[in-house]
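For the sequence shown, the numbering used here begins at 63 and goes up steadily by one. For each residue, glycine too, the CB sits at the ideal point set by N, CA and C. Notes to accompany the following structure.
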Amino acid sequence: MSQESGSGTATESPSQAASASPRAIRKLSARRRPEVVAVLLFSGGPIFESSIPLSVFGIDRQDAGVPRYRLLVCAGEDGPLRTTGGLELTAPYGLEALSRAGTVVVPTWRSISQAPPPEALESIRRAHEEGARIIGLCTGAFVLAAAGLLDGRPATTHWMYAPTLAKRYPSVHVDPRELFVDDGDVLTSAGTAAGIDLCLHVVRTDHGGEAAAALARRLVVPPRRADWQSGQRHLDRSLPEEIGADPLAEVVAWALEHLHEQFDVEALAARAYMSRRTFDRRFRSLTGSAPLQWLITQRVLQAQRLLETSDYSVDEVAGRCGFRSPVALRGHFRRQLGSSPASYRAAYRARSPQDDQERPPAPADLAALRRTTGVPIAAGHVPVSQVLTAPGKPDSDGFAARVPEQPGRGDPADGPGRGRLRAGRGVGAALPGPRDRPVG
C-alpha cells in the first residue's frame, strides 16, 4: 500500500493493484449479499479485537458519508461467550447466518494452541467457496489457516505469533512485517490496531477513499498510517519457545553473541555438525524461517539498536553487525525496515524526547526526586514534568501498511543486496515464541 495521506486520497501502490488476482474475482452466491458482514465470535477472545469490526461495520454513519453495511454478529460455538475480561456475550445469530454474508470477519481466536471448532471451519470454507470475502484479524488468521484458506497465500498476524503460524502451517507465506495483507478474497491483519487499518482498507475497497476517510474521521484515526515516516518498525530477536530444548539452540545462542563477526550460514551448519542442506531443513522446521534470512534479520536488528543507542557512524555500525560493507547494511536495512539507517536514526532521535516524558522514572531517579522535593514519590505517580527518563524505544505497533510485493530471492547476509527477500519466508527467527492468550 502507498504511504498514508492525511486527506485519504493517496493512490494505491502497484503491489496493491496486483492483489486483484484472478482468484480475487469470485462470483458471489445469489443468496449472499455483498453489503452483509458476518462477524464470527468465539468464547475467550479479547474484547477489543472483537469490537473492531462491530464498530466499523455495525454503526450507521450514512450522515457522515459512509455507506451502510448490515452486520450479523454470529456465535462460532455454543454460548455463552465470555471475553478475556470475564464479560459474557450473547450473539444474536449462529453459524447458519454466515450463509447470507458477502464478507466474513474472524476478529480473534482465543488460543493459538487450540484447534477451532470443526463446524465453524466448515462454515467458513463454505462461505469462501460461495464467493464470500474472508477476513482474519490478529489471531483470527489461525482460524483461516485451520480452514485451509491460507495455503499458498501471503498472510500476516500478530508478530508474537507469526513464528507459530509459519511453523504449524508451512504452506502459508507468513510475513509479520505487514500491517495487513490483501490477497483478494482472503485478507489478514497484524495485532490489534492493525485490525482497524484493514477494516478501513475494506471500506476503501468497497466504497472509495472518501468513504474510508470519512469513517476514519469518525473513529479519530488516520485513513492510512504513515509508511515508516517515524522509524517505528518493530523487530524482535527471540525465537519460538520450542527451540529451547533443541541442540540447535546452542548454535543460535552463539550466533547472537557473535553478530559483530563475519560468518555465514555455512559456519553455523559446521558448528552444528550438519551439512548445509540438513541444517537449513532442521532450522526451518523449528522456526518456520530460513537460516539465511534469520541471520540477516538479526544483523539488521543489531544495527537498529546501535543506531538508537550509540553515536557510531553508519560505516562503524555495519562493521559491528557483521556486514562486510556499509552498502550491504543499507540494502538489508531498507528492505527490513523500509528506511535508510541514517533516516531511521534521525527519526528515532526526533521522537525520543517526547516519548521519554511518558516513561516512568528509574528507581535511582525516584530516589533523587524524593531527596530534592521531600515528597514520598512512588513509581507511576510522578508528574510528567518531573520525570527523569531513560532513552525511549520505538513503538511495536508501527508496521508498514502495504500489500506484499511479489516474492524474490533472498540476499547473502554479507552481500550488497541484489534482490528482494522472499515475502513471508523468514518469520520465525526474529520473533518471540507462542503464548496461549492473545495479546493486543
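Problem - Backbone secondary structure at SER251 - three-state DSSP - result: Of the three classes helix, strand and coil, the one that applies to SER251 here is strand, per DSSP.
Handout entry: Coarse secondary structure for PHE242, derived from DSSP in three states
Key = strand
Practice task
With DSSP collapsed to three states, give me the class of MET144.
Solution key: Note on residue identity: the sequence assigns Arg, not Met, to residue 144. In this structure, DSSP gives ARG144 an extended state, which the three-state scheme calls strand.
Exercise for the section: Kindly indicate the opening and closing residues of the beta strand (DSSP E) around VAL135. Expected result: 132 to 137
Exercise for the section: Please determine, among GLY210, VAL205, ALA209, the residue with the shortest C-alpha to C-alpha distance to THR219. Expected result: VAL205
Exercise for the section: Please determine if the stretch 151 to 171 and the stretch 192 to 212 are in contact, where contact requires at least 3 C-beta pairs separated by less than 8 Å. Expected result: Touching, yes, given that three or more Cβ pairs across the two stretches are closer than 8 Å.
Problem - Bridge-paired residues (DSSP) for ARG62 - result: This structure cannot settle anything about residue 62, because the visible part of the chain is limited to 63 through 502.
Exercise for the section: Starting from ILE358, follow the alpha helix (DSSP H) in both directions and report where the run begins and ends. Expected result: 353 to 371
Problem - Given ASP125 as reference, the closest of GLY393, ALA390, ARG280 once Cα atoms are compared - result: Checking every option, the nearest Cα to that of ASP125 belongs to ARG280.
Practice task
Out of ILE186, ALA224, ASP245, MET222, point me to the one whose CA is closest to ARG215's CA.
Solution key: It is ASP245.
Problem - Through-space distance from SER91 to LEU277, alpha-carbon basis - result: Spanning the two alpha carbons is a distance of roughly 28 Å.
Exercise for the section: Determine the burial state of GLN364: buried for a count of at least 16 other Cβ atoms within 10 Å of its Cβ, exposed for fewer. Expected result: buried
Handout entry: the stretch 268 to 275 contacting the stretch 232 to 248, beta-carbon criterion three pairs below 8 Å
Key = Segments in contact, no.
Practice task
Tell whether a beta-carbon distance below 8 Å holds between GLU158 and TYR131.
Solution key: Not closer than 8 Å, so no.
Handout entry: Cβ distance (whole Å) where GLY202 is taken to contact TRP221 below 8 Å
Key = Not a contact, Cβ separation roughly 15 Å.
Exercise for the section: Could you check which residue in GLY107, SER337, PRO178, ALA137 has the C-alpha nearest to that of GLY147? Expected result: GLY107
Exercise for the section: Mark ARG93 as exposed unless 16 or more other C-beta atoms lie within 10 angstroms of its C-beta, in which case mark it buried. Expected result: exposed
Exercise for the section: Report the partner residues of LEU103 according to the DSSP bridge assignment. Expected result: ALA137
Handout entry: At least 3 beta-carbon pairs within less than 8 Å: the stretch 321 to 340 vs the stretch 381 to 400
Key = yes
Exercise for the section: Select from LEU227, LEU134, ILE186 the residue whose C-alpha is nearest the C-alpha of GLN176. Expected result: LEU227
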